[in-house]
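S.K.: Once you've had a glance at the structure underneath, I'll fire off some questions.
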Amino acid sequence: MLLGAVALLVAGETILKGFLDGVVFLVYWLVCFLCTGLAILTAYVDARALQSKGRKEARELLENTLSKIQDDAQKKPLPNKQNRLN
3 MLLGAVALLV AGETILKGFL DGVVFLVYWL VCFLCTGLAI LTAYVDARAL QSKGRKEARE
63 LLENTLSKIQ DDAQKKPLPN KQNRLN
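When the letters of the sequence shown are read in order and numbered with our numbering, they come out as residues 3 to 88.
Written out as structure tokens, the structure is:
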């Protein structure tokens with residue numbers, strides 16, 4: 003989408019500059035702005051999805067780490083009081 007907007011911008015400023023006038027000029031640039039807006043919207047939605055995925059993975063990592071710590075703590079025998087006094 004962004005590539006299309008850039009292509010429209012370049013074409014409108016170079017090749018098509020003499021052909022665009024009146025309503026055609028307005029419609030052409032509205033399409034260019036629409037493509038740019040859609041590219042921005044797509045980037046925003048993608049960034050939000052990546053942010054959500056990162057939070058989910060961080061939460062899962064924390065939960066897995068805490069679970070492993072709890073399992074290791076339950077498997078480890080309690081220290082004997084006599085061994086601590088010696």
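Just so it is clear, CB atoms sit at the ideal spot from N, CA and C, and this is done for glycine as well.
Taking contact to mean at least 3 C-beta pairs separated by less than 8 Å, is the segment 25 to 42 in contact with the segment 63 to 71?
M.R.: Touching, no.
S.K.: What did DSSP end up calling Gly14 once you bin it into helix, strand or coil?
M.R.: The residue you call residue 14 lines up with position 12 of the sequence shown. Correct three-state label for Gly14: helix.
S.K.: Would you please state the rounded distance, in angstroms, between the beta carbons of Thr44 and Ala7? I believe it to be under 8 Å.
M.R.: The sequence position of residue 44 within the sequence shown is 42, counting from 1. The sequence position of residue 7 within the sequence shown is 5, counting from 1. So it is not a contact: roughly 11 Å between Cβ atoms.
S.K.: Would you tell me roughly how many angstroms separate the C-alpha atoms of Leu5 and Ser54, rounded to the nearest one?
M.R.: Numbered from 1 along the sequence shown, position 3 holds the residue referred to as residue 5. Numbered from 1 along the sequence shown, position 52 holds the residue referred to as residue 54. Whole-angstrom Cα-Cα distance: 27 Å.
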